[in-house]
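Protein chains in written order, with full-length UniProt numbering: chain A, 1 to 278; chain B, 1 to 278. Every residue, glycine too, gets a C-beta built ideally from N, C-alpha and C. Quick caveat, the model's predicted, so the values are computed rather than measured. The structure appears right after this line, and notes come after that.
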């Protein structure tokens, strides 16, 4: 036997074996002189996802790299044509794109997925199935006003007129990636530390009695310390989160970067991470 | 805009645009020095599909070609983990593998799909979505007795014990590809032609009256001609069918070909069709 197999029960399926082949991901990566990965572009309709996907594909192709674009809309003509826009269908749409992107990265390609994917948990689920941190999230952080003003597909107009329901940014939320939140927590923590320092000083010097009761101050100190510990833990998680591959594309001084510049930002990141070599 | 788009309504989805990118299939094929296609391996459980898929992948890799194996069982761990073995779920399973295989061939890869896919119409639907006749069906034509005797996964034993229901080859049919049926029709047509020739001869010579009524013979001739026309049409369809890329792997003198020999048969076919060059 050239194929080895092992049996398991998965979801609705029983008696399913896993087939292992002799040619693996690493062999394909050597052939392609690149590393398989997923570049997941997320953002509002009209934020420039498809444009970035195309330009990025072209830039990488010009460097001899093999890419493939999975466009959320395009896939709804084929693999996902049985799905609509209910919240379950949207989640299933993203799940399937994630699974296919995973297969492409396993095949050694730089898979560029471009879809609104508004919910954090759906994107995180896709990230979770791609091994070795080969999931790079690119957040098109463009203001709603800009996207709506562009409205290349005329969808915002329809959504505002109530002709499309559950449209992201209008009557359905977009949840931005979490990485930016570390900074906010960091400053909150500093505030807590200053408070603790002040309280400790008061307790030590016994001067607390002058302004208030020492035991009262001690209690306050304890509460403060507990809060700080909780925040430390939260910050650690958020920092871990921020360590994940995330790129933010945004306006500079109110001006959108060119598609070439956006693609350059991503190409630079991939180069830095060693993904453009075997 | 770098991406061009057009709007349409597909299945459950409305307001879906098609994004066209500047780097296309042909560019990727040039990069890979091969043509994207789907090699669809079909046959009973235990007929050697996975073994052929692996060996074929290895042989093509050794020639510097990029392949990716889509294994029916493996995909049930991911993309298709929400599907069971009801007839609807089986059809949906094959539909999704077909759609993903199409994407891989569009990406320029030689996509090797390996799954029982017992129903002709499901396989034909997959063939229909892959453009430019880039769908090659490989039928593992191995006797049930052989597959059951192998029973590497112990599934036939379970199926015979009634512990697995709807098992292909046991209590669910396998529909072999149609290409072999052209020969049978061809011989039937020859028989009809002989009959017509005989009847025409009788009518022409006016000798029909000797054995039977001439008008009777004429009527018979007409019926025969009609039948022949119908069969001609059917044969044309079947011939068209047979022209499609189909490879049959079978025993020679009761001996199974080696996996190397099976893979060689497919590689030879791909070479002949010009699919192993850009």
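| Asked | Found |
| --- | --- |
| Residue 274/B to residue 35/B span [Cα, whole Å] | 8 angstroms |
| Run of the beta strand (DSSP E) containing residue 39/A, from where it starts to where it stops | 37–42 |
| Residue 138/A versus 219/A, 47/A, 62/A, residue with shortest Cα-Cα distance | 47/A |
| Within 8 angstroms of chain B by C-beta, residues of the segment 148–166 of chain A in sequence order | 152, 153, 155, 158, 164 |
| 7 angstroms CB neighbourhood of residue 271/A in its chain, flanking five on each side removed | none |
| Residue-level contact to chain B via CB, residue 54/A, 7 angstroms cutoff | yes |
| C-beta contact flag for residue 263/B and residue 55/B at 7 angstroms | yes |
| Within the segment 55–87 of chain A, ranges of the alpha helix (DSSP H) (whole runs, at least 4 residues) | 72–75 |
| CB contact below 7 angstroms: residue 68/A versus chain B | yes |
| Segment limits, beta strand (DSSP E) that includes residue 130/B | Where residue 130/B is concerned, there is no enclosing beta strand (DSSP E), given that its DSSP letter is neither H nor E. |
| Cβ shell of residue 120/B (< 6 angstroms), same chain only, five flanking positions each side left out | 175 |
| Contacting residues, own chain, Cβ-Cβ under 8 angstroms from residue 261/A (five flanking each side not counted) | none |
| Alpha-carbon spacing of residue 29/B relative to residue 21/B, whole angstroms | 15 angstroms |
| Short CB-CB distance (under 7 angstroms) between residue 22/B and chain A | yes |
| Proximity of residue 152/B and residue 112/B at Cβ, strictly below 7 angstroms | no |
| Span separating the alpha-carbon of residue 33/A from that of residue 57/A | 16 angstroms |
| 8 angstroms Cβ cut-off: residues of chain A touching residue 267/B | Per Cβ cutoff of 8 angstroms: no residues; residue 267/B is ~14 angstroms from chain A at best. |
| Proximal chain B residues relative to residue 58/A, where beta-carbon distance stays under 7 angstroms | 22, 23 |
| Chain-ordered neighbours of residue 96/B on chain A, where CB pairs are closer than 7 angstroms | 79 |
| Classification of residue 65/B by the beta-carbon crowding that lies within 10 angstroms, buried from 16 upward | buried |
| Residue environment, residue 93/B, which counts as buried when at least 16 other CB atoms sit within 10 Å | buried |
| Residue 140/B - partner residues in DSSP beta bridges | 43/B, 249/B |
| Chain-ordered neighbours of residue 43/B on chain A, where CB pairs are closer than 7 angstroms | The contacting residues do not exist; residue 43/B stays about 14 angstroms from chain A at best. |
| Residue 306/A at chain B interface by Cβ criterion, 7 angstroms | Nothing about residue 306/A can be reported from this structure: the residues present for chain A run from 1 to 278 only. |
| When 205/A, 192/A, 62/A, 44/A are compared against residue 220/A, the one with the closest alpha-carbon | 192/A |
| Neighbour-count burial assignment, residue 154/A, 16 or more Cβ in a 10 Å radius | exposed |
| Nearest-angstrom Cβ-Cβ length linking residue 107/A and residue 70/A, presumed shorter than 8 angstroms | Going by Cβ atoms, the distance from residue 107/A to residue 70/A rounds to 13 angstroms, so no, they are not a contact pair. |
| Chain A within 7 angstroms of residue 100/B, Cβ atoms only | yes |
| Residues near residue 183/B by beta carbon distance below 6 angstroms, same chain, minus five either side | Because residue 183/B sits at a pLDDT of 49, beneath the cut-off of 50, its placement in the model cannot be relied upon, and the following sentence gives the value as read from the coordinates. None. |
| Paired residues, beta bridge with residue 263/A - DSSP | For residue 263/A, which the question treats as bridged, DSSP gives no partner whatsoever. |
| Contact with chain A by residue 91/B, beta-carbon distance below 7 angstroms | no |
| Where residue 31/B meets chain A, residues with beta-carbon distance less than 8 angstroms | 61, 64, 66 |
| Contact set between residue 113/B and chain A, taken where Cβ atoms lie within less than 8 angstroms | Near residue 113/B there are no residues of chain A at all, since even the closest Cβ is about 12 angstroms away, more than 8 angstroms. |
| Residues, ordered as in the chain, of the segment 124–149 of chain A that lie near chain B by beta-carbon distance below 8 angstroms | 129 |
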